[in-house]
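Residue numbers (the numbering used here), protein chains in the order written: chain A, 15 to 181; chain B, 1469 to 1568. Cβ atoms here follow ideal geometry from the backbone N, Cα and C, with glycine treated the same way.
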Amino acid sequence: MQAILFYLTAVVAILSAFFVMKCRNPINSALNLVTTFLCLAVFYVMLESPFMAAVQIMVYAGAIMVLIIFVIMLLNLGLTVKTRYTHGLAAGGILSVMVLFVANYFTRAGEATGTGGSVTSELIASYGHTELIGRAMFVDFLLPFEIASILLLVAIVGAVVLSKRKV
Amino acid sequence: MITVNHYMLLSAILFAIGTFGVLTRKNAIVIFMCIEVMLNSVNLTFIALSRHVGNMDGQIFVFFVMTVAAAEAAVGLALMIAFFRNRNSIDVDDFNMLKW
Chain A
15 MQAILFYLTA
25 VVAILSAFFV
35 MKCRNPINSA
45 LNLVTTFLCL
55 AVFYVMLESP
65 FMAAVQIMVY
75 AGAIMVLIIF
85 VIMLLNLGLT
95 VKTRYTHGLA
105 AGGILSVMVL
115 FVANYFTRAG
125 EATGTGGSVT
135 SELIASYGHT
145 ELIGRAMFVD
155 FLLPFEIASI
165 LLLVAIVGAV
175 VLSKRKV
Chain B
1469 MITVNHYMLL
1479 SAILFAIGTF
1489 GVLTRKNAIV
1499 IFMCIEVMLN
1509 SVNLTFIALS
1519 RHVGNMDGQI
1529 FVFFVMTVAA
1539 AEAAVGLALM
1549 IAFFRNRNSI
1559 DVDDFNMLKW
């Protein structure tokens, strides 16, 4: 049952990621990207991480995609003109296939070791995933969390300054 | 039975598709979306390995990747709007002001 769900979602994710790359209209690419994000949220649920799935849908499929679609519509981008570009296409194809082969090689080279950590399925079921995330974030990773808030502040200021016509 | 290797292969495929898009497309916003696909494939690897190892650290990493992606989206799209205002296009072939 889980295998069927995995393969169905994987096929949808790969196809929609392919069409993100393939579609000529940027709006179609954006909608396919939303489908990819939703498929990844399904994978996160299958991996017993429901909080990350919720954050994936709210932040990626919600906030970031709204921003991208807003900019596409603001700039009124139509169909892109197809120019002759075969050598670049071939080089990009070769490089991405090489990336795929290297990743495939290292994945199949052996079993992943280091299993048997403290966070098991029973622990997640008894405490809840959100509580475990919150404990890890606000106890072990408090300093990176504060740095992330400063990063977001800098991003807000940068976006406002960049999109102002005259500073 | 779905093992961690299945997830790693899936995210390798997604990453390769994203790489191909970044290298071959000319529209800056589509390149940006392909970068998001690559970031998401890495997130999938992080969460799959975090569950496999039995540790929460990978999922915190995903949280920070999402933060950086949100900041990148805000600044990158503001840059594209500023560029579009100057050149009336967001084709990456027109991004050549720094070329000598």
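Taking S1479/B as the centre and dropping the five residues before and after it, the same chain places the C-beta of S1509, V1510, L1512, T1513, A1516 closer than 8 Å to its C-beta, in chain order. If you look at L114/A, you'll find it in the alpha helix (DSSP H) that goes 100-122.
The Cβ atoms of A1542/B and A169/A sit closer than 8 Å to each other. Per DSSP, reduced to three states, the secondary structure at N1495/B is strand. When Cβ-Cβ separations below 8 Å define contact, R1493/B makes contact with chain A. For the region 38-60 of chain A, the beta-carbon criterion of a distance under 8 Å to any beta-carbon of chain B is satisfied by P40, S43, A44, L47, T50, F51, L54, F57, Y58, M60. Spanning the alpha carbons of F1552/B and S63/A requires a straight line of approximately 40 Å.
Taking a cut-off of 8 Å for Cβ pairs, the region 96-110 of chain A and the region 159-168 of chain A do not touch, as fewer than three such pairs fall below it. In summary, the residues of the region 1553-1565 of chain B whose CB is separated from some CB of chain A by less than 9 Å are R1553, I1558, D1559, D1561, in the order they occur in the chain. With fewer than 16 other CB atoms across the displayed protein chains lying within 10 angstroms of its CB, N1554/B is exposed. C-alpha of M66/A to C-alpha of T23/A: approximately 17 Å in a straight line.
For V34/A, same chain residues with a beta-carbon under 6 Å away, outside a window of 5 residues either side, are S43, N46, L47 in chain order.
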